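Since the structure comes first, as structure tokens, the remarks are kept for the end.
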Amino acid sequence: MYGREPRLFRAPGRVNLIGDHTDYNEGFVLPMALDRETVVAGAARADFTVRVHSLDLNVAAEFDLKEPGEKRRGSWLDYVEGIARVLQERGASVRGADLMLHSDVPIGAGLSSSAALEISVGLALLSLSGQSFERTALALAAQRTEHEYVGINSGIMDQLISALGRRGHALLIDCRSLETKQIPLETQDVAIVICDTRVKHELASSAYNTRRAECERAVELLRAYVPGLRSLRDLTAIDFFRYERFLPDVIQRRCRHVVTENGRTLTAAAALEDGNFDLMGRAMYFSHESLRDDYEVSCPELDLLVEIAASVPGTLGARMTGGGFGGCTVNLVRRASLAEFQTIIPRKFSAAFSYEPALYPAEPGDGAEEI
Ligand code: GLA
3 MYGREPRLFR APGRVNLIGD HTDYNEGFVL PMALDRETVV AGAARADFTV
53 RVHSLDLNVA AEFDLKEPGE KRRGSWLDYV EGIARVLQER GASVRGADLM
103 LHSDVPIGAG LSSSAALEIS VGLALLSLSG QSFERTALAL AAQRTEHEYV
153 GINSGIMDQL ISALGRRGHA LLIDCRSLET KQIPLETQDV AIVICDTRVK
203 HELASSAYNT RRAECERAVE LLRAYVPGLR SLRDLTAIDF FRYERFLPDV
253 IQRRCRHVVT ENGRTLTAAA ALEDGNFDLM GRAMYFSHES LRDDYEVSCP
303 ELDLLVEIAA SVPGTLGARM TGGGFGGCTV NLVRRASLAE FQTIIPRKFS
353 AAFSYEPALY PAEPGDGAEE I
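For this note's numbering, add 2 to where a residue sits in the sequence shown, where the first one is 1.
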């Protein structure tokens, strides 16, 4: 298309094993990078024009980095133009480039196709411009892209795992310090299976921003009792039980989710380090209940998937993953029961909803890199 020889870059989507709606509360998350990715083929240009063609959508676009940018068109281009401009604003001298994109991360399924797009394009533009940029700084620029150019006040989880994932590992992230710890995830006996409801909720982004605002409100209210409280990350379980009665019902439940989810995430990470999948699985079930009842970001399709998964004897844990309101569940299933799991889930689900969910067995993959 462009008559040039490209370099190739990739960045993966992710599935979060546990710790949802904790990242923007400066808490803990435990995602893994997927073996599904966005690939960018790119060649540098001598000017400041970025031309980009999406093979999946079969559309092309271009923008000039010297001209003022456009925001929040509500299309894939927001991510591409956004990351280019944010990197530029943050001091990288990003040059023009011809880019071609292809992705096998399902779009809108809650597996972070958007982070994969931002990080792969960001890495490509930086590398083609001869710029080096620290991985965490790239992830922060991608998060800024979500806030400014897309309009979702997302946390840092998706971008950070896409930038830092490692094959055979999950990543424990402290979303305050941005310290990370690679935790070996041995999938010989236990499989990670993603079940996609195929439900895409239009309301998800506004509901997401509302949840975030409720958490900020909670911190404001709790400061009257816990002076200096900076975020829900700092709220101890003891203080929560001491002061919950002073909070409005909804805010109380949002807080309970965040406080207990942080605890579960640390428990699950420790369990994983010990190879204790039973304990990790139990934490996942409790996480789902908390997201469903206290945080209220699940939906009937997700709840049914978890219920069916739990009825298969070899399932150790199941929960919705990511932002919610549709999207996927993540399941920890003994390999010996995998075939049974893959038969029962579509059968029982379609009996209730008249269509089959998509199933993706997943392996923890590497983060962004040049191919
Ligand atoms: C989305 C956001 C993340 C995180 C999850 C919920 O994926 O992009 O930052 O908040 O939802 O855990």
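Glycine included, each C-beta is placed from N, C-alpha and C at the ideal position. As the structure is a computational prediction, the values presented were derived from the model and not from experiment.
DSSP lists 334 as the bridge partner or partners of residue 319. Residue burial annotation: residue 27 is buried, with at least 16 other C-beta atoms found within 10 angstroms of its C-beta. Within the same chain, 17, 18, 330, 332 come within 6 Å of residue 323 by CB-CB distance, once the 5 residues on both sides are set aside.
Distances between the C-beta of residue 27 and the heavy atoms of the ligand GLA are all 7 Å or more. Only residues of its own chain outside the window of five on either side were considered, and among them 67, 96 have a CB closer than 7 Å to the CB of residue 90, listed in chain order. Not one heavy atom of the ligand GLA lies closer than 7 Å to the C-beta of residue 286. Distance from the CA of residue 353 to the CA of residue 197, rounded to the nearest whole angstrom, comes to 16 Å.
Apart from sequence neighbours up to five positions away, the residues of its chain that approach residue 202 with a beta-carbon distance below 6 Å are 110, 328, ordered along the chain. Secondary structure at residue 297: coil, using DSSP grouped into helix, strand and coil.
The region 98 to 110 and the region 159 to 169 do not touch, with fewer than three beta-carbon pairs separated by less than 8 Å. The beta-carbon separation of residue 135 and residue 128, rounded to 5 Å, stays under the 8 Å limit for a contact. Counting C-beta pairs closer than 8 Å gives fewer than three between the region 338 to 358 and the region 137 to 155, which falls short of the contact rule. In the same chain as residue 251, and ignoring 5 residues on each side of it, no C-beta atom comes closer than 7 Å to its own.
Residue burial annotation: residue 317 is buried, with at least 16 other C-beta atoms found within 10 angstroms of its C-beta. Excluding its 5 nearest sequence neighbours in each direction, residue 228 has C-beta neighbours in its own chain below 8 Å: 236, 237, 241, 245, listed in chain order. In this structure, the ligand GLA has a non-hydrogen atom nearer than 7 Å to the beta-carbon of residue 18. Scanning 137, 219, 207 for the CA closest to the CA of residue 181 turns up 137. Between residue 101 and residue 121, the gap from beta carbon to beta carbon reaches 8 Å or more. Beta-bridge annotation (DSSP): residue 183 is paired with 174. Counting the other CB atoms within 10 Å of its CB gives residue 25 a total of 16 or more, which places it among the buried residues.
For the options 226, 339, 149, the alpha carbon positioned closest to that of residue 211 is the one of 149. Non-local C-beta neighbours of residue 295 in its own chain, meaning closer than 8 Å and more than five positions away in sequence, comprise 255, ordered along the chain. Residue 36 sits away from residue 21, with the two beta carbons spaced by 8 Å or more. In this structure, the ligand GLA has a non-hydrogen atom nearer than 7 Å to the beta-carbon of residue 114.
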